[in-house]
Amino acid sequence: MYFSTAGGRQEEGDMFLGCHLSTTKGFRAMGETALSIGADTFQFFSRNPRGGSAKEVVPADVAALASLLQERGFGPLVAHAPYTLNPCAENAKTRDFALLALSGDLKRLRGLPGTLYNLHPGSHVGQGAESGVRLTAELINEVVEPDEPAKILFETMAGKGTEIGRSFGELAGILGKVKLADKAGVCLDTCHIFDGGYDLAGDLDGVLAAFDREIGLGRLLAVHVNDSKNPRESRKDRHARIGLGEIGLEAIVRVMSHPALKHLPFILETPCELDGYAEEIRLLRGRLGEEGPLARWPEVVPVAELKARLAASGTKTKEDQGTRAKKTGEAPAKSRAKGGSKSGSKDVAKENAKVKKTRG
Ligand SMILES: [Zn+2]
Ligand SMILES: [Zn+2]
Numbered sequence: 002m003y004f005s006t007a008g009g010r011q012e013e014g015d016m017f018l019g020c021h022l023s024t025t026k027g028f029r030a031m032g033e034t035a036l037s038i039g040a041d042t043f044q045f046f047s048r049n050p051r052g053g054s055a056k057e058v059v060p061a062d063v064a065a066l067a068s069l070l071q072e073r074g075f076g077p078l079v080a081h082a083p084y085t086l087n088p089c090a091e092n093a094k095t096r097d098f099a100l101l102a103l104s105g106d107l108k109r110l111r112g113l114p115g116t117l118y119n120l121h122p123g124s125h126v127g128q129g130a131e132s133g134v135r136l137t138a139e140l141i142n143e144v145v146e147p148d149e150p151a152k153i154l155f156e157t158m159a160g161k162g163t164e165i166g167r168s169f170g171e172l173a174g175i176l177g178k179v180k181l182a183d184k185a186g187v188c189l190d191t192c193h194i195f196d197g198g199y200d201l202a203g204d205l206d207g208v209l210a211a212f213d214r215e216i217g218l219g220r221l222l223a224v225h226v227n228d229s230k231n232p233r234e235s236r237k238d239r240h241a242r243i244g245l246g247e248i249g250l251e252a253i254v255r256v257m258s259h260p261a262l263k264h265l266p267f268i269l270e271t272p273c274e275l276d277g278y279a280e281e282i283r284l285l286r287g288r289l290g291e292e293g294p295l296a297r298w299p300e301v302v303p304v305a306e307l308k309a310r311l312a313a314s315g316t317k318t319k320e321d322q323g324t325r326a327k328k329t330g331e332a333p334a335k336s337r338a339k340g341g342s343k344s345g346s347k348d349v350a351k352e353n354a355k356v357k358k359t360r361g
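Per the working numbering, residue 2 is the first one in the sequence shown, and the count goes up by one each step.
Below is the structure:
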């Protein structure tokens with residue numbers, strides 16, 4: 002598999018589990034942070050999630066991460082496209098931005114072959130789902146080259162507003178129109194499909210059978226693991242911490258241990274700080290009988306200890322959060338331990354700011 006090496010993974014088929022991380026400290030730092038919370042995969046924003054500007058990528062930093070991934074047997078990483086990217090917008094200018102951002106991101110990720118590039122299929126904003134499906138597929142066909150090392154993943158959506166990609170049928174419609182079929186797949190978000198109406202908690206086999214019938218389980222390449230603040234079919238997209246939402250811990254454990262899914266990278270996008278992610282990873286690995294990198298690599302320093310060292314060295318930890326708040330105009334996020342917010346997407350952005358604070 003992707004980055005598995007002889008010195009890395011103990012046995013083929015181990016679970017890859019991680020969470021969304023901030024890019025503030027660079028690429029290699031993300032890999033080290035991931036290890037420190039017991040993660041062996043992670044997700045990051047390909048560029049500013051709300052604006053669209055892209056930070057310069059330092060090739061040496063990307064190469065340093067790539068060697069860490071290889072050394073430690075990471076699973077495939079997930080780069081999340083900005084929320085402002087709407088590949089099926091009616092407005093040609095908005096579609097042009099999507100095209101430029103997408104092709105720029107793919108170029109910047111070339112140093113990390115095998116990375117999965119996750120994007121929201123878009124909002125048709127009144128043109129109708131059929132046009133949305135067609136425009137999104139057309140944009141992918143314009144951008145993706147036959148030698149593209151990344152794979153494009155369309156995320157299953159909750160169906161807020163005019164979002165396309167709530168139904169497996171719409172995702173199948175997009176994939177069916179993408180010419181380079183082996184370059185495109187799906188990322189299943191547990192909160193989104195539950196919120197979109199699929200009974201993930203009560204009938205996982207039924208949901209996966211429907212997915213297989215309409216899209217094909219072979220096209221499923223990653224899973225976003227989130228509990229849902231709202232009951233099924235609410236279409237609100239509000240993520241909750243694992244076990245604190247309407248899906249519940251048991252159903253999430255069933256998803257992660259399902260034979261059709263357990264080989265996939267699992268990414269948490271729950272509303273919590275780095276400590277919270279470490280806790281969720283520990284909880285899930287415990288339930289699934291998986292040890293993960295902290296057991297596999299005894300020299301890796303757990304996040305709690307890293308924080309203690311930072312505190313002891315007097316490192317300021319507020320800087321990053323301040324910078325983030327200035328850039329986005331958002332107030333620095335306060336503790337929100339109960340989980341849930343107006344939108345799951347917002348969660349990731351805000352939590353991203355908090356993660357930075359935690360990481361210092
Ligand atoms: Zn997303
Ligand atoms: Zn998601």
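All C-beta atoms in this analysis are idealised placements derived from N, C-alpha and C, irrespective of residue type, glycine included.
Rounding to the nearest angstrom, what Cα-Cα distance links residue i and residue j in this structure?
i, j, result
"T42", "D276", "17 Å"
"A64", "V58", "11 Å"
"L311", "V145", "42 Å"
"G246", "V226", "12 Å"
"P60", "G112", "7 Å"
"E215", "S235", "23 Å"
"N92", "L101", "15 Å"
"G203", "I253", "11 Å"
"G19", "S68", "18 Å"
"S37", "P303", "4 Å"
"L221", "L295", "28 Å"
"D190", "R167", "10 Å"
"K108", "E292", "35 Å"
"V391", "L262", "Nothing about residue 391 can be reported from this structure: the residues present for the chain run from 2 to 361 only."
"I194", "A313", "44 Å"
"D228", "E281", "11 Å"
"Y28", "D97", "The residue you asked about is not Tyr; residue 28 is Phe in the sequence shown. Rounded to whole angstroms, F28 to D97 spans 28 Å at the Cα level."
"H81", "D206", "28 Å"
If you reduce the DSSP assignment to three classes, tell me which class residue i lands in.
i, result
"S258", "helix"
"E156", "strand"
"Q44", "strand"
"D228", "strand"
"I243", "coil"
"L221", "strand"
"G293", "coil"
"A202", "coil"
"P370", "For the chain, the structure presents residues 2 to 361; residue 370 sits outside this window and is missing."
"A80", "strand"
"S124", "strand"
"C192", "helix"
"V186", "The sequence shown places Gly at residue 186, not Val. The answer is strand: DSSP assigns G186 an E or B state."
"G19", "strand"
"N142", "helix"
"L86", "coil"
"L181", "coil"
"E300", "coil"
"E164", "strand"
"L69", "helix"
"L275", "helix"
"L284", "helix"
"L110", "coil"
Is residue i near ligand 2, judged by its Cβ being under 6 Å from some heavy atom?
i, result
"H259", "no"
"H225", "yes"
"E270", "yes"
"D190", "yes"
Between residue i and residue j, which are expected to be in contact by the criterion C-beta below 8 Å, what is the C-beta distance as a whole number of angstroms?
i, j, result
"L185", "K152", "Note that residue 185 corresponds to Ala in the displayed sequence, not to Leu. So it is a contact: roughly 7 Å between Cβ atoms."
"L201", "I248", "6 Å"
"H125", "G115", "Not really, about 31 Å apart at Cβ, beyond 8 Å."
"L209", "V187", "About 12 Å; that fails the 8 Å criterion."
"M31", "F267", "Contact flag wrong, Cβ pair sits at about 17 Å."
"P83", "P50", "5 Å"
"L22", "Q44", "7 Å"
Can residue i be considered in contact with ligand 1, in the sense that its beta carbon sits closer than 6 Å to one or more heavy atoms?
i, result
"E280", "no"
"E156", "yes"
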